[in-house]
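Residue numbers for the sequence shown follow the numbering used here, so the first one is -10 and each next one is one higher.
We put the CB at the ideal spot given by N, CA and C, even for glycine.
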Amino acid sequence: MELNQKYETHISEHKPLGRAIRALPGQYIKVLTRPSITTFAEEKGKATWGIIWAQFIGLGIICAILQSLGLLILPPNYNSIAGATAGLSSSTLLVFSIVFFAIVEILLTPVSFLASGGILFLIARIFGGKGTYREQIYTTLLYGVPMVILSYLLFLVPVAGAWLLYLPHIYSLVLLIISMMAVHQFGRGKAK
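Have a look at this one:
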């Protein structure tokens, strides 16, 4: 296959949101198990803001639940801040922490993806990238959602160690490079 064929824009009909959501697990498996420029080029044509926001909301809720479980499994030691707790019990502080961090998680999930995606989009444009912001965010979510969930699941394993939490992110960097090449058509043509 010629290099130019790998970058062809694959136009696919946009599915209704419900069907698009049901198709996501298969797309996650596809990009994680068969990552290639062609795979991401095929998937980028399915990008809509509806499916992007559905993934943001779903990921935020799942991460909030997993983070809450983590706080319940290994609660923070509030005794070290006894003077700052105004006489509140540890269980009250734990409930407050769970609610606070769940809200923050739900709000910061889209903000972090959109902000980091914006920075990467600007860098891609500076280097001649041709893709759209929507396609880039969408393809990033196709591997980002399962990798972030995997990181949170590893966080729940007390013996996993702090270093194990970062392994999914190393693979995510590889997938980021491939998806950016597909979305922005980098590496196309002959070297000058």
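The DSSP-derived three-state label of LEU48 is helix. Nearest C-alpha to SER78 among ALA91, PRO64 and PHE90: PRO64. Within the same chain, Cβ atoms closer than 7 Å to the Cβ of THR98 are found at PHE45, LEU48, GLY49 and CYS52, the five residues on either side in sequence being excluded.
Distance from the CA atom of GLU32 to the CA atom of MET136, rounded to whole angstroms, is 18 Å.
Taking each of GLN174, VAL172 and LEU164 in turn and checking the Cα distance to ARG23, the smallest one comes out for LEU164.
Taking a 10 Å sphere around the C-beta of PHE29, we find 16 or more other C-beta atoms and assign the residue as buried. Take GLN16, set aside five residues on each side of it, and the residues of its chain with a beta-carbon closer than 8 Å to its own are GLU32, LYS35 and LEU131, in chain order.
Distance from the Cα of TYR67 is smallest, within the candidate group LEU55, LEU58 and LEU83, for LEU83. For VAL146, the secondary structure class from DSSP, reduced to helix, strand or coil, is coil.
In the DSSP assignment, ARG23 falls outside any alpha helix (DSSP H) and carries neither an H nor an E. Assignment of SER101 by DSSP, reduced to helix, strand and coil, places it in the helix class.
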